[in-house]
Every structure is written in C-alpha cells, then in structure tokens.
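Comments concern the structure below.
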Amino acid sequence: MAEALACDFDDWLKFTLVALNTDDEVFSPYIKGILEGDENAEEKLEALQGILTEITENGIDDLCQDILKKWNLRDDSCVEDVSVQVRPLREEGHVEDVSVQVGLDEKLAKIMGEQAQCVVTTKSRSRDEENLKSAILAQYSQVSDGEVTDSDQEEEGSGGLGIRNTNAEEVIKAERRRDKDKEESQRKKEKDKEDSYLVMLGSLVLVVEHHVMQIVGIRSVPP
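Residue numbers (my numbering): 33 to 255.
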C-alpha cells in the first residue's frame with residue numbers, strides 16, 4: 033500500500049513537471065529531497081518556492097501547496113494503512129487469545145520493520161540527492177567544456193544536452209538562492225533578537241533611573 037502511494041505521488045509529480053515543460057528527471061529527485069529533509073514546513077515551503085521560481089512564473093504558491101498537500105496525504109495514508117491492518121483483530125475480540133496475540137505481535141513487528149526500512153530508504157535517498165547535485169554540476173561542466181563549434185552539428189546533436197544544460201543551471205541557481213535565503217533569514221532572526229534585547233535593556237535602564245530619582249527625592253526632603 034505504501035509503495036503504491038509513493039508511486040502515485042511520483043507519477044503525479046512527473047506529470048506536473050512535464051506539463052510545465054521541464055525535465056522531471058532532474059527536478060523530481062530535487063523536490064523529493066526537499067520534502068524528505070529535516071527542515072520544518074516553512075523552510076520546505078521556501079525551498080520549494082525557490083526551485084519552482086526557476087521553472088515557472090505563474091501559480092507558484094498554489095503549486096507549492098499542491099505538492100505539500102499530496103506529500104502529506106501520502107504520509108497520512110501510510111499511517112492509516114498500519115492502523116487498518118491492526119484494527120480488525122481488536123474489533124473481533126481475539127486480542128486476549130494467546131495465539132492471536134502472538135500473530136498480532138508478528139504483524140506489528142513486520143509493519144515496524146517495513147517502516148524502519150522506509151526510514152533507511154529515505155536516508156539513502158538523501159545521499160542520492162547529494163550525489164545527484166554533484167552529478168549535475170559535473171555534467172554542466174562537461175557540457176560547457178565540450179560545446180560543438182560547428183553550427184550544423186550543434187543543431188543536430190546538442191538539442192537534448194542544451195535542455196539538460198539549462199535545467200542544470202536552473203537547479204544550481206535555485207540551490208544558491210535557497211542558501212542565500214537561509215542566510216538572510218538567519219541574519220534577520222539574529223538582528224531581531226538583538227533589537228529585542230536592546231529594547232528590553234533600555235526599558236530596564238529607565239526603570240532603574242526612575243527608582244533612583246525617587247530615592248534621591250525622598251532623601252532630599254527636609255525632616
């Protein structure tokens with residue numbers, strides 16, 4: 033069931049990218065790498081916006097929401113599938129039976145093993161994503177160094193390479209933009225924290241000055 037849901041998401045993402053006239057073989061792994069990452073929802077949304085900006089100029093926010101919705105629906109369905117497999121035994125009232133309990137434990141162990149394998153696969157995909165980006169950079173470099181000077185040969189044989197070259201460059205730009213946005217966001221958070229501290233410190237100074245003035249005023253009053 034989980035594999036079928038994964039295939040459904042992959043097919044939907046491929047269809048969506050092809051409809052945008054882009055190379056799904058380049059962008060699909062990159063987008064899935066973002067979704068499978070450890071970042072929070074806001075950071076994933078920013079990363080998706082960065083990559084989709086290089087693909088299209090229209091409906092970026094809606095497309096990001098569709099991707100996140102499809103991905104979350106896939107995760108929720110995987111959890112629901114586990115619950116459906118366990119529930120029938122409980123509803124039939126056989127959990128108290130020792131033999132059935134053993135069978136239930138075996139099924140739970142099998143399900144947990146499958147989930148653990150999914151986690152391992154996710155980590156493997158993350159490593160594959162890093163390898164993919166390295167391969168894209170290498171391919172971009174090779175294509176740039178090996179451009180054909182003859183215009184006829186360029187028209188006949190470099191069409192596909194030209195598309196992949198452009199897509200690779202777009203991915204690189206998106207990655208740089210993503211890193212830049214992260215740095216700017218971090219700097220803004222640090223500045224906001226510093227400004228908040230200065231405001232708090234200023235308020236504290238005013239309070240102390242007020243109390244000092246009160247004390248001085250009390251002491252200056254003649255007996």
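By construction, the Cβ of each residue, glycine as well, lies at the ideal position given by its N, Cα and C atoms. Remember, it's a predicted structure, so these values are computed and weren't measured experimentally.
| Item | Value |
| --- | --- |
| Rounded to whole angstroms, what is the Cα-Cα separation between residue 214 and residue 245? | 47 Å |
| Along the chain, where does the alpha helix (DSSP H) that runs through residue 85 open and close? | 73 to 85 |
| Since residue 84 contacts residue 95 with CB under 8 Å, what's their CB separation in whole angstroms? | 6 Å |
| Could you check the C-alpha separation between residue 52 and residue 101 for me, to the nearest Å? | 19 Å |
| Taking DSSP as the reference, what is the three-state secondary structure of residue 69? | coil |
| Between residue 183 and the rest of its own chain, which residues show a CB-CB distance below 6 Å, the 5 nearest in sequence each way excluded? | Caution is warranted here: a pLDDT of 48 is assigned to residue 183, below 50, making its placement in the model unreliable, and the coordinate value is therefore given only provisionally. Same-chain partners within the cutoff: there are none. |
| Excluding the five sequence neighbours on either side, which residues of its own chain have a C-beta within less than 6 Å of the C-beta of residue 219, listed in chain order? | none |
| Among 45, 105, 87, which has the Cα closest to the Cα of residue 206? | 87 |
| Do you know how far the Cα of residue 71 is from the Cα of residue 106? | 18 Å |
| In whole angstroms, what is the alpha-carbon distance linking residue 24 and residue 212? | Not covered by the structure: residue 24. The range shown for the chain is 33 to 255. |
| Quick one: what does DSSP say residue 215 is sitting in, helix, strand or coil? | helix |
| Quick one: grab the DSSP three-state call for residue 224. | helix |
| Mind checking residue 99: buried by the 16 CB within 10 Å criterion, or exposed? | buried |
| Do residue 79 and residue 92 have their CB atoms nearer than 9 Å? | no |
| Taking buried to mean at least 16 other C-beta atoms within 10 Å of its own C-beta, is residue 231 buried or exposed? | exposed |
| Apart from the five residues just before and just after residue 60, which ones in its own chain have a Cβ nearer than 8 Å to its Cβ? | 42, 45, 46, 49 |
| Could you check what DSSP says for residue 234 in three-state terms: helix, strand or coil? | helix |
| Short check: CB of residue 210 to CB of residue 82, under 9 Å? | yes |
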